[in-house]
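**Student:**
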Amino acid sequence: MSASSPKLSQISQPKARNPWIVNWRHDLLWFVAPPLLLVPIFYELLQKFPLAQVSLLVATLGAVGHHLPGMLRAYGDADLFARYRIRFIAAPIFLVTVSVFYSFYRPDALGLIIVSWGFWHSQAQVYGFLRIYDSKVGLTDQPSAWVDRFVCLSWFGGGILMSDGRVTDFLKVYYSAGGGSIDPVWIESLRTLAIVLMGASTVLYGLRLILQWRVGRHPNPVKIVALILSIGFWWYCMVVIRNVILGVAMYEVFHDVQYLAIVWFFNRRRAEAGSSSGWLTQTLFRPRARLVFVYVGLVLIYGAASLWTRSLEVSRIQTVLTGLFAASGLLHFYYDGFLWRIRDQKTSETLGVEHRNETATSLLTAGLNWRHAGLWLLFAVPLVLFTLTPIREEVHAQVVQSLPHSAQANLNYASWLRDQGDLEGAERHLQACLLYTSDAADEHRD
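Quick note on numbering: numbering that gives the first Met the number 0 labels position 28 of the sequence shown as 27, and the sequence is numbered without any gaps.
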C-alpha cells in the first residue's frame, strides 16, 4: 500500500486502536458477516421466485446499480475531483467511446475484457477491506500488504479455476472473441499451479502472523474473520454451488452490500468534515435516516435503467445504451483502483487509519503519470488483439475439447446440437454429462 517500512523487530507495539471501520454492529452487518445471512435469505427467495428472475434483478439492480455510489464519490466530492481532474475527465470520454464502438462491432471482445477485469475487481475489494482493518490497528507495512494480495489472488483465482462452470463460461466468451485453442493439459496444469499457490500463500500468511505475534504486532482480529468469511463465501459460491448463475448472484449481493455501505459511511464522514467535500456530498450524505432511502433509491433507479434497455425495440438505441452501461462498469472498476488507497491522506483520515507521509506530487502527477498510463496497456492491448481475430458463432465444441470432463460444457454442447437437429450427437454429449455428474445434469436438464 505504500513505501517500505522498518523491520518488524524494530517496530514497537502501536497504541490500542479502534479495530472497526464504523462500529462492531455496522461492520459485522455490512462488511464482515453478510455471507452468513445471504445463504438463508437466498434459500427463502428461491422458494418463492424462479432463479432466473432473482438473478436478473441482482444483475441489474445490484451489479449495475452499485456503480452509481462510486460515481457519486468521484464527481460529488469537490476535493477529490480537483486532485484527479484529468482522470475523471479523460477516462469517461475514452471508455464511453470504446464501449459504444465495441458494442456495435465486437461485443464479444468487450465482454471478455469486462469478465477478466471483473474478477480482479472482486478480489481487490476484499483486499482493500483487509488493508483497512490492518491499518486500523497500525499495521501498514508493505510486506503485510504483499502477503494479503498474494492470498487474495491465489484463493480467488483458485476458486475460478476449480469451478467447471466458471471456466466453461469464461471459455465460451474467450472462444467467441476468437481466442486460440487451449489444450486440456494447460487447464489441468493451471489448476495444479493454483493449488500450489494457495498452499504457499496460506503457509506464508501463517508464518507472517506468527512473526507478528512474536514481536508484539498483533493483527486486527476483525481482519482475520473478514478474510476467512470472504474467501470461504467465494469458494462456496464458485465451487460448492453447482449452479453458476446462483453462485454469481449470491456473491454479487455480498459485493454490492459491502460497497454501498462503505461509500455511505465514508461520504457521510466527508460531509461532516467540511466544505471541501463539495455540495453533492454534503447534501446527500448528511446523517439523516431518510437520506439512506434516497441513496438506495438512486442506486436501484440506476440499475433499473439498465433493465429497461432490454425492453427497447429500436436495436441501435439499445446497443448504444448497452455500451454506456458497459462503460459504467469499466469506470467503476477503474475508479476503485485508486479511490480507496489508504496511503492517500484524505482517504486515511476519513477512514480513521494511520497515514504515513509520502513524497509530495504535483496535481498533474496525481492525475496522470507514466506508470499509470502504462497500466492502460493491460486494457488496450488485449482489446486490440481480440479485435483482429474473427468472431466465432459456434464455440461449444471448442469448450468441450478444452474441458472434456466438464458436465456443464457437455450439457451446453448437447443443447446446441439438439437445436441444430443433431439428436445423435446431443444424446452422446448428454450421456457424457450424466457420466461426469448426474447432479449437474438433473439441475439443467429441463
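Backbone N, C-alpha and C fix where the C-beta goes; we use that ideal spot for every residue, glycine too.
In three-state terms, what does DSSP make of G110?
**Tutor:** Note: G110 maps to helix in three-state DSSP.
**Student:** Suppose only complete runs of 4+ residues qualify. What are the alpha helix (DSSP H) ranges in the segment 141–220, listed by chain order?
**Tutor:** Entirely contained in the segment 141–220, the alpha helix (DSSP H) runs reaching 4 residues are, in chain order, 141–160, 163–175, 183–213.
**Student:** Does the segment 42–62 touch the segment 243–256, meaning 3 or more C-beta pairs lie closer than 8 angstroms?
**Tutor:** Short answer: they touch.
**Student:** What is the DSSP secondary structure of R105, reduced to helix, strand or coil?
**Tutor:** Note: R105 maps to coil in three-state DSSP.
**Student:** Count the CB pairs spanning the segment 39–46 and the segment 274–290 that are closer than 8 angstroms, and state whether there are at least three.
**Tutor:** The segment 39–46 vs the segment 274–290: no contact.
**Student:** Leaving out five residues before and five after A365 in sequence, what residues of the same chain have Cβ atoms less than 8 angstroms from its Cβ?
**Tutor:** Note on A365: pLDDT 45, under 50, position unreliable in the model; the coordinate value appears next. Result list for A365: R82, Y83, in chain order.
**Student:** Please state the DSSP three-state secondary structure of S405.
**Tutor:** Coil at S405, not helix or strand.
**Student:** When you measure from the CB of L160 to every non-hydrogen atom of the ligand ZN, does any distance come out below 7 angstroms?
**Tutor:** Ligands are entirely absent from the displayed structure, and the ligand ZN is therefore not among its contents.
**Student:** What do you get for Y101, buried or exposed, if any count of 16 or more other CB atoms within 10 angstroms of its CB means buried?
**Tutor:** It is buried - the Cβ of Y101 has at least 16 other Cβ atoms within 10 Å.
**Student:** Please confirm whether P34 and F155 have their CB atoms less than 8 angstroms apart.
**Tutor:** No, Cβ-Cβ distance for P34 and F155 is not below 8 angstroms.
**Student:** What residue from D168, I261, A199, M197 has the CA that sits closest to R72's CA?
**Tutor:** Comparing Cα-Cα distances from R72 to each of D168, I261, A199, M197, the minimum goes to I261.
**Student:** What does the alpha-carbon distance come out to for the pair R130 and Y235?
**Tutor:** In a straight line, the C-alpha of R130 is about 23 angstroms away from that of Y235.
**Student:** Can you tell me where the alpha helix (DSSP H) holding F253 begins and where it ends?
**Tutor:** Run containing F253: 243–272, per the alpha helix (DSSP H) assignment.
**Student:** What do you reckon, are the CB atoms on S405 and T167 nearer than 8 angstroms?
**Tutor:** Yes; because the gap between Cβ atoms is below 8 angstroms, this pair is in contact.
**Student:** Over what stretch of residues does the alpha helix (DSSP H) that includes Q344 continue unbroken?
**Tutor:** Per DSSP, Q344 belongs to the alpha helix (DSSP H) from 344–350.
**Student:** Suppose you measure from the CA of R289 to the CA of H66; what does that come to, to the nearest Å?
**Tutor:** One C-alpha to the other measures close to 21 angstroms.
**Student:** Going by alpha carbons, who is nearest to L138 out of R16, V195, S414?
**Tutor:** Nearest of R16, V195, S414 to L138, Cα basis: R16.
**Student:** I181 to G215, Cα distance in whole Å?
**Tutor:** C-alpha separation (whole angstroms): 49 angstroms.
**Student:** Consult DSSP for S502 and reduce its assignment to one of helix, strand or coil.
**Tutor:** One cannot answer for residue 502 here, as it falls past the ends of the chain, which runs 0 to 445.
**Student:** Which class does A32 belong to by DSSP, given the choice of helix, strand or coil?
**Tutor:** Here A32 sits in coil by DSSP.
**Student:** So Y454 and N219 are in contact, right, with Cβ under 8 angstroms, and what is the actual spacing, rounded?
**Tutor:** No information on residue 454 is available, as it lies outside the stretch 0 to 445 that the chain covers here.
**Student:** Considering just the uninterrupted stretch of the alpha helix (DSSP H) at M237, what are its terminal residues?
**Tutor:** Unbroken run through M237: none, as it is neither H nor E.
**Student:** Quick check: the segment 321–335 against the segment 101–115, are there 3 or more CB pairs under 8 angstroms?
**Tutor:** The segment 321–335 is in contact with the segment 101–115.
**Student:** Assess contact between the segment 409–420 and the segment 195–205, defined as three or more Cβ pairs (one per stretch) separated by less than 8 angstroms. Is contact present?
**Tutor:** Verdict: no, contact absent.
**Student:** With a 10 Å radius around its C-beta and 16 neighbouring C-beta atoms as the bar for buried, classify Q52 as buried or exposed.
**Tutor:** It is exposed - the Cβ of Q52 has fewer than 16 other Cβ atoms within 10 Å.
**Student:** From V399 to D163, what distance separates their C-alpha atoms?
**Tutor:** Distance between the alpha carbons of V399 and D163 is about 11 angstroms.
**Student:** Along the chain, where does the alpha helix (DSSP H) containing P68 start, and where does it finish?
**Tutor:** Per DSSP, P68 belongs to the alpha helix (DSSP H) from 66–75.
**Student:** Can you tell me whether A379 is helix, strand or coil according to DSSP?
**Tutor:** A379: helix per DSSP, three-state reduction.
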